[in-house]
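Trainee:
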Amino acid sequence: MAELVREFNTGDSFFPKMENEIMKLWDDNEIFKKSQKYSQERKKNYIFYDGPPFATGLPHYGNILAGIVKDVVTRWFYQKGFKVDRRFGWDCHGLPVEYQLDKSLGIKGPEDIEKMGIANYNNKCRGIVMKYNKEWEFIVKRIGRWIDFKNDYKTMYCSYMESVWWIFKEMYNKGLIYCGYKIMPFSTGCCTPLSNFEAGQNFKNVQNNSIYVSFPLVKNNDTSFIAWSTTTWTFPSQLAMCVNPKHTYVTLFDKKKNHNFIITENRVSHLYKNEDDYTIISKCIGKELENMEYVEIFNYYSEKRKNGAFRILVDNYVSDDAGTGIVSQAPYFGEDDYRVCLANKVVNAADKPICPLDFCGRFVEPIDDFVGVYIKDSEKGLIKNIKDKGRLFKIESINHAYPFCWRSDTPLVYRSIPSWFVNVTSIKDNLLKSLEDVYWVPENVKEKRFGNWLRDSRDWAISRNRYWGNPIPIWISEDEEEVVCIGSLEELEKLSGVSGITDMHREFIDHITIPSKRPGKPPLKRISHVFDCWFESASMFLAQKHYPFENSQDLNSFFPADFIAEGIDQTRGWFYTLIVISTALFGKSCYKNVIGHGLVLAEDGQKMSKSKKNYPDPLIILDTYGADALRLYLVNSPVVTSQNLRFNESGIHGIVKEVLIPMYNTYRYLMQNIVQLKEQYNIDYEYAPSEDCPSNYMDKWMISMLQSLIKDTDDNMSKYLLAEVLPNLLSFFDNFSKLYINMNKYRMIGKTTKDDQLNAINTHFTIQYNLSIIMAPFVPFICDHIYQGLSKFCKKDIYDCDTSSVHFLPIPNSNIYLTDKVIERQVKLMNNVIYLGLKIRTIKNIRRRMRLKGMIVIVRNEQEVEDLNILIEYIRKELNIEELTISSDRKKYKIDISINPNFKTLSVDFKLQMKGVTAAIRGMDINTIEKFVEGDEVVQIGEYKVKRDQILMNLKYNGNTSNCQKYVADSHQNMIVLLDTSVTAENVDKSLASEICHRIQKLRKISKILPTDNIIIYFKGDNELLKIFNQYNSYISETVGKPVKLVHKNFMNDKKLISNQFEINSSTFDLFIEKCY
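With the UniProt record's numbering as the guide, the letters of the sequence shown map in order to residues 1 to 1077.
1. Under 8 Å, do residue 401 and residue 186 count as touching if we go by C-beta distance?
2. Less than 8 Å between the C-beta atoms of residue 93 and residue 783, yes or no?
3. The alpha helix (DSSP H) that contains residue 788, what's its start and end?
4. Classify residue 144 as helix, strand or coil using the three-state DSSP reduction.
5. Taking the beta strand (DSSP E) that residue 241 falls in, what are its first and last residues?
6. Could you give the DSSP three-state label for residue 880: helix, strand or coil?
7. Assuming residue 351 is part of the alpha helix (DSSP H), what are its boundary residues?
8. At which residues does the alpha helix (DSSP H) containing residue 127 begin and terminate?
9. Tell me whether residue 932 is buried or exposed, calling it buried when 16 or more other Cβ atoms sit within 10 Å of its Cβ.
10. Compare the C-alpha of residue 1103 against each of 1017, 972, 211 and 558 and name the closest.
11. Where does residue 922 fall in DSSP's three states?
12. Ordered along the chain, which non-local residues of its own chain (more than five positions away) have a Cβ less than 6 Å from that of residue 1085?
13. Return the CA-CA distance between residue 367 and residue 361, expressed in angstroms with no decimal places.
14. Helix, strand or coil for residue 284? Go by DSSP, reduced to three states.
15. Look at the alpha carbon of residue 780 and the alpha carbon of residue 442, and state the distance between them as a whole number of angstroms.
16. Which residue comes first and which comes last in the beta strand (DSSP E) that contains residue 90?
17. Do the CB positions of residue 69 and residue 635 come within less than 8 Å of each other?
18. Which residue from 891, 872, 888 and 889 puts its Cα closest to that of residue 882?
19. Is the CB of residue 79 under 8 Å away from at least one CB in chain D?
20. Along the beta strand (DSSP E) that carries residue 327, what are the first and last residues, could you check?
21. Can residue 698 and residue 740 be called in contact, C-beta distance under 8 Å?
22. In whole angstroms, what is the alpha-carbon distance linking residue 970 and residue 958?
23. Give every residue of the same chain whose Cβ lies closer than 7 Å to the Cβ of residue 131, excluding the five residues on either side of it in the sequence, and list them in chain order.
24. Whole angstroms are fine: how far does the CA of residue 983 sit from the CA of residue 964?
25. Please list, in chain order, all residues of the same chain as residue 600 whose beta carbon is under 6 Å from its beta carbon, the five residues on each side excluded.
26. Tell whether a beta-carbon distance below 8 Å holds between residue 977 and residue 854.
27. Any contact between the segment 38-55 and the segment 80-87? By contact I mean 3 or more CB pairs, one from each, below 8 Å.
28. Using a 10 Å radius around the Cβ and a threshold of 16 neighbouring Cβ atoms, would you call residue 813 buried or exposed?
29. Locate the alpha helix (DSSP H) running through residue 339, then write down its first and last residues.
30. Taking only the alpha-carbon atoms, compute the straight-line gap between residue 714 and residue 819 and give it to the nearest angstrom.
31. What residue range does the beta strand (DSSP E) around residue 205 cover?
32. Residue 793 to residue 995, Cα distance in whole Å?
33. Run through the segment 358-418 for me and flag every whole alpha helix (DSSP H) of 4 or more residues, listed as ranges in chain order.
34. Assess, as a yes-or-no matter, whether the segment 664-680 is touched by the segment 1005-1017 under the definition of 3 or more beta carbon pairs within less than 8 Å.
35. Could I get the ranges of all uninterrupted alpha helix (DSSP H) runs contained in the segment 965-1049, with 4 residues as the minimum, in chain order?
36. Could you check what DSSP says for residue 501 in three-state terms: helix, strand or coil?
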């Protein structure tokens, strides 16, 4: 044990090395596997769903953050005694896989895939779908996440795909599935439509041409409408134009062009900077322009004029804050365009869409001038064509936000496309009802971000014109009179007569037909679409269990989930699709509690980018600082409250320095004192938890604080408030390591009695032991490492469970009989005093070892005076002062009180009365103020009942008096400290002696010498320090616990020494340590 303590070194490589040792311990002893076994033996279920990532790329910090949040929560509830299944899932189908393959093979469009064959194409997709699964497993394991990869679920498993078919058929049978033409966001890069929520995932600010085109009136060629568009490529398909019926439009004469133009009045100044260039001829409202015919720009669809095309329509959606107030209408390339044209019978719902584009976004017939040209590449040619016709009025460039494909990063187009939809709008009220039963962290996301998304939800396009995916199980006749929806492989085999189907991908399904029920009619064939991968991933709550084909009697054992977590962006993704499917099937949400965390950005606030290399490699971070540091850094940041985090490597280094090293040092110090106990009294220490209240005041405080910590942590974890948990844990540890241990060192090293030393060590052990359990879900490596050391001193029957790892141990329960809120209040008050005293020392650059004469503390009332007087000796020692006065006499020391409204809390109760209550607070008389000073929680101020937390109280020192001319003042939380910063010669000498002691301890530490080692220390210094050494030799020897002698003649010749040179106030001295064997 002594060697364990001696060899400890918290260098940069210590924590990563320690974590690798712990991982080996877990692997060698199958710790996670055992936890799964013990979990299955429990009766209380805690259901967790893991959202499936794609394995087509390496894990990024967003994946790591989500994994850590999930791991913290599931570890906690496992240690709370629940049965917790932790099963990893993989998203295997869809655009991420196909796009990566298309890029590597140079595939440009569907025709290339048809050439190579769907079977060959899908086989290649299957080959890359798990490209990085080994890297994923390694990183997930390395961050300390416990999850089952061997029993994973994959969306490409046949069992999973079959459950998706069943879900789809159930929704089909409920009338929630339909096929129709809608204007959909379409990815020309991936050749498929996207859902509306996918379209919102990747907006970019781009420069586009803004083109103004003239359209002469049929009945008056001297007058033209000017229409505006940022999508030049839609002009060949234009069938109408639209104005706002309520806006004012002007007909003006353009003096330079010698032509009349019609535009909205509010946009005249934008098109004409000089008023001398035009003359207003007349004005009218938009309604008066309705049904006026104009000359089309292209003649590709001129025959549509007889059906009412090429005329002015009216609708309120047209605005006059951009363009000309006259909007071009290409009905099959815009939702509003289609709605307006449909309402005015320019097009009919039964018409074949006028959509002259292929799936790659290239023009097809009848746009014969541009056949085969990609729409974005056609702009120059189109503009030239329009200009050659004399119809180009103006062209300019604008910057605006435009949606791009989330996978191919190509601009989306909105186009009419036949798709299969979930009729979400018909169950919108049910979705909102389902939401009522879901608890969200942060809470405001529920009603605002997610609630608003549900309220505005549209029908969900779930079909994709792709290949590598779960085929939509719809078989349809050529005349579309017969439609069969299949819900299982058994049903397909029965209806088709084909048996032995073992794979459900397109190459194994597409050729299968179903005989028509109508004699003489050809068989039904499957539609070519596959499912949107979001539909597949959102089916996981049933499909991972192959429900209902298996586990049909056990639905309540895995539905609904107690907990899910992902990035806040999933409010439009997985969170949304899950609740849609579960509400459609069961009328309720499939999850009860959600943590929606924020996004991890680069240090400069931009999105993390591999090409920009604006973030550190996660593996380098793990190898440098360890996983515990990364876990604490992420979970103890605003990112767990859905705010974005700018990733900063220095923050992780700060966690190592400020949390992990102190955490380990307290453990090492405990081990050191246990070794000393053995050498001093030959006691083999054994720890047994006690429910008896300690007799020592500081022990009582620490044990009480532990009970409060356990209760608060349990309460916050039950509410999934990770943002509240860690600050409390870290604050507790700060009190433990910096206050309790510092104030009780003399007891722990045996400078009182043997029993008192044992009591102090017991308290230290109790805190360290319980902290290793409570913090284990957050920092699993260091906690298990510390526990492995502590467990050697524990009685074997403390827990009735496997005690080979801290992660098997139950979270302790808070003991109300060991909780003393009075002591906690008193020590908290003492902490404030110490904080202010140290703050003044720092400001005045006075070291803690410099003894100061005195300090005055002015508090609110006599109760606080009484509280602090109990702790007066602790304060004196901690602040190294000779005299301490505690007083509530504010007049004597000229302390003023000011009270102001706390607007943040005041507005909760007085939202509509803020002006009156603010005036009342500011006008309080001294008697009312005194009620707050005395600690009243609610005070009547005129007609208002004001709570203590609704006001801000400040005490202010108002100048020197005869009593405190030498004092420096500072205040904090209704307390003022006046510190006498004058220094005597005697105190300067004593502080120098303390500095010598400090240097001796420093040399012992770097030389790995323990307090129990038998040594002699020698000193050699200049005259000034020699004088101090001789004067305070007994103090120095007593403080360091070993004899300290003066160097004598011929000293260096006959000793084997450890030595070092130090400096104090520009004076140098040498220290030597001789080991005595």
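All C-beta atoms in this analysis are idealised placements derived from N, C-alpha and C, irrespective of residue type, glycine included.
In this text the structure is predicted, and so the values were computed from the model without any measurement.
Mentor: In this structure, then:
1. Residue 186 is positioned such that its CB atom lies no closer than 8 Å to that of residue 401.
2. Between residue 93 and residue 783, the gap from beta carbon to beta carbon reaches 8 Å or more.
3. Residues 780-790.
4. If DSSP states are grouped into helix, strand and coil, residue 144 belongs with coil.
5. 240-243 is the span of the beta strand (DSSP E), which, as asked, contains residue 241.
6. The DSSP-derived three-state label of residue 880 is coil.
7. Looking at the DSSP string, residue 351 is not in any alpha helix (DSSP H), and its letter there is neither H nor E.
8. Unbroken alpha helix (DSSP H) run through residue 127: 118-128.
9. Counting the other CB atoms within 10 Å of its CB gives residue 932 a total of 16 or more, which places it among the buried residues.
10. No answer is possible for residue 1103: the residues shown for the chain start at 1 and end at 1077.
11. The DSSP-derived three-state label of residue 922 is helix.
12. The structure shown does not extend to residue 1085, since the chain is modelled only from 1 through 1077, so no value can be given for it.
13. Taking the straight line joining both Cα atoms gives about 13 Å.
14. In the structure shown, residue 284 sits in a strand (DSSP, three-state: E or B).
15. Taking the CA atoms as reference points, residue 780 sits about 25 Å from residue 442.
16. Residues 87-90.
17. The beta carbons of residue 69 and residue 635 sit closer together than 8 Å.
18. For the residues 891, 872, 888 and 889, the minimum Cα distance to residue 882 belongs to 872.
19. Protein chain content of the structure displayed is limited to a single chain, and chain D is not contained in it.
20. It spans 326-329 - the beta strand (DSSP E) in which residue 327 sits, taken as one unbroken run.
21. In contact: residue 698 and residue 740 (Cβ atoms closer than 8 Å).
22. Their Cα atoms are separated by approximately 11 Å.
23. Counting only Cβ-Cβ distances below 7 Å, and skipping sequence neighbours, we find 55 and 56.
24. Low confidence applies here, because residue 964 scores a pLDDT of 49, under 50, leaving its location unreliable and the question unanswered by this model.
25. Cβ within range, chain order: 61, 62, 65, 645 and 647.
26. Contact: no.
27. Because the criterion of three Cβ pairs below 8 Å is met, the segment 38-55 and the segment 80-87 touch.
28. So residue 813 ends up on the exposed side.
29. Note, residue 339: alpha helix (DSSP H), 335-343.
30. A direct Cα-Cα distance of roughly 16 Å separates residue 714 from residue 819.
31. Taken as a continuous stretch (DSSP letters only), the beta strand (DSSP E) holding residue 205 covers 203-217.
32. Between the alpha carbons of residue 793 and residue 995 lies a gap of roughly 36 Å.
33. With a minimum length of 4 residues, the continuous alpha helix (DSSP H) runs that stay inside the segment 358-418 are 379-388.
34. By the Cβ test, the segment 1005-1017 is in contact with the segment 664-680, since at least three Cβ pairs between them sit closer than 8 Å.
35. Counting whole runs of 4 or more residues, the segment 965-1049 contains the alpha helix (DSSP H) stretches 985-1006, 1023-1031 and 1033-1040.
36. The DSSP-derived three-state label of residue 501 is coil.
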